[in-house]
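Numbering (my numbering), first residue to last: -18 to 143.
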């Protein structure tokens, strides 16, 4: 009688373990199915090579060493403006070219900023327009020197008008 009770207890344990183990196995199989994807390994390798070659180069930010300080003429008085500028370029080669031609970039930006008016600098849309004009001026100056536009964006990181 003791043997039959021990056998019954061991059977119950086995059944309980199986009941607990079956959902875990199904969960693991489902996780493997969903996480493995449905592409074969050869197709996966060719996809990663394509995305690596089609990926844009990393962005670098070239900080111009000095802020631009200039006067603009308003309706009744002159205003003093200070602008801190950074250039966004893509790739090591463009980063090197932009750093090499900082004096040209500064001169070009100073000419662009000097043509601005108080009314243009007061509004956000006017500042955006000035950024676009500055970008075009810098790109055209760098194309003449290096053969490529080099700079992707001109960013105003500080702007004060008094």
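A virtual CB, placed ideally from N, CA and C, is assigned to each residue, including glycine.
query, result
"Burial state of residue 1 (16 or more Cβ within 10 Å)", "exposed"
"Per-residue burial, residue 75 [other beta carbons within 10 Å of its own, 16 or more giving buried]", "buried"
"Local conformation of residue 143 per DSSP, three classes", "coil"
"Exposure of residue -2, with buried meaning 16 or more beta-carbon neighbours within 10 Å", "exposed"
"Integer-rounded CB distance, given that residue 68 should sit under 8 Å from residue 132", "5 Å"
"Rounded C-alpha distance that separates residue 56 from residue 72", "44 Å"
"For residue 54: DSSP bridge partner residues", "59"
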